[in-house]
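Q: Mapping of the sequence shown onto my numbering: residues 1184 to 1335, in sequence order.
Virtual Cβ for every residue (Gly too), placed ideally from N, Cα, C.
Remember, it's a predicted structure, so these values are computed and weren't measured experimentally.
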Amino acid sequence: MITGIDIHSIYVLDQDAALDFYVGKLGFTVDTDVDMGFMRWLTVAPPGQPDRLILLEKPGPPALSDDAAAKVRDLVTQGAMPVTILSTDDCRGTHAALVAKGVEFSQDPEEQPYGIDCALRDPFGNNLRMTQRAAVQRPVGDDDVARWSPSS
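1) Could you give the distance in angstroms between the alpha-carbon of D1199 and the alpha-carbon of L1209?
2) With distance defined between alpha-carbon atoms, name the residue in P1296, Q1315, D1291 nearest to V1328.
3) Tell me the DSSP secondary structure of Q1295 in three-state form.
4) If you pair each beta-carbon of the segment 1230-1242 with each one of the segment 1250-1263, do three or more pairs fall below 8 Å?
5) Starting from the N-terminal side, write out each stretch of the beta strand (DSSP E) that is 3 residues or longer and does not extend beyond the segment 1186-1244.
6) One question on the structure: do D1300 and M1313 come within less than 8 Å of each other, judged by their Cβ atoms?
7) Return helix, strand or coil for T1277, following the three-state DSSP convention.
8) Tell me whether I1188 is buried or exposed, calling it buried when 16 or more other Cβ atoms sit within 10 Å of its Cβ.
9) For a test of the three-state rule: what should DSSP assign to T1314, helix, strand or coil?
10) Could you give the distance in angstroms between the alpha-carbon of V1259 and the alpha-carbon of V1195?
11) Taking the straight line between their C-alpha atoms, what separation do you get for R1235 and D1291?
12) Quick check: the Cα distance between D1257 and S1248, rounded to an integer number of angstroms?
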């Protein structure tokens, strides 16, 4: 029986730059940093959640061929990889603290039916969202749909 998810993977183009961003700016902690010879196994954890790991994975062998790795690197830089959603108890306060550390946001905190959230990218192009979940979700309204719809 599956009991949970332990590790989520994010492709990064430079693991040292990833450490600077995820640990130095976002406040994650290093869980494992091992040079395995053929790859570097680098995992970080959000503060206070040592069992919820993110593998900061450089695209390449053994998981990907050189050709596939080149395609993945291109997709990362285009921001075409799946979004990772981070949680916070204070979206606006955390946003302000991260802006003060030099983190650039593509969307400032905004009220949503599910809470308050904002958007940022890591140094490689990966989309991240940061969400403060509402105690009670509100119904989706026409204004939400209009705001979420792509511009014509």
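A: Let's see:
1) If you number the sequence shown from 1, residue 1199 lands on position 16. If you number the sequence shown from 1, residue 1209 lands on position 26. The straight-line gap from Cα to Cα measures roughly 14 Å.
2) Walking along the sequence shown from the start, residue 1328 turns up at place 145. Comparing Cα-Cα distances from V1328 to each of P1296, Q1315, D1291, the minimum goes to P1296.
3) Sequence index remark: in the sequence shown, residue 1295 carries index 112 (1-based). Looking at Q1295 - three-state DSSP - the assignment turns out to be strand.
4) Below 8 Å, enough C-beta pairs join the segment 1230-1242 and the segment 1250-1263 to call them touching: three or more.
5) For the beta strand (DSSP E) assignment, the uninterrupted runs of no fewer than 3 residues enclosed by the segment 1186-1244 are, from N- to C-terminal side, 1190-1194, 1212-1218, 1223-1228, 1236-1240.
6) If you number the sequence shown from 1, residue 1300 lands on position 117. If you number the sequence shown from 1, residue 1313 lands on position 130. A contact, by the Cβ cut-off of 8 Å.
7) Taking the sequence shown and counting its residues from 1, the one referred to as residue 1277 is at position 94. Looking at T1277 - three-state DSSP - the assignment turns out to be helix.
8) To locate residue 1188, count along the sequence shown from 1; it is residue 5. The residue is exposed, with fewer than 16 neighbouring Cβ atoms inside 10 Å.
9) Along the sequence shown, read from residue 1 onward, the residue named residue 1314 stands at position 131. Look at T1314 here: in three-state DSSP terms it is strand.
10) By one-based count along the sequence shown, residue 1259 stands at place 76. By one-based count along the sequence shown, residue 1195 stands at place 12. Between the alpha carbons of V1259 and V1195 lies a gap of roughly 8 Å.
11) The count along the sequence shown starts at 1 and reaches residue 1235 at position 52. The count along the sequence shown starts at 1 and reaches residue 1291 at position 108. In a straight line, the C-alpha of R1235 is about 26 Å away from that of D1291.
12) Within the sequence shown, numbered from 1, the residue matching residue 1257 stands at position 74. Within the sequence shown, numbered from 1, the residue matching residue 1248 stands at position 65. Distance between the alpha carbons of D1257 and S1248: 14 Å.
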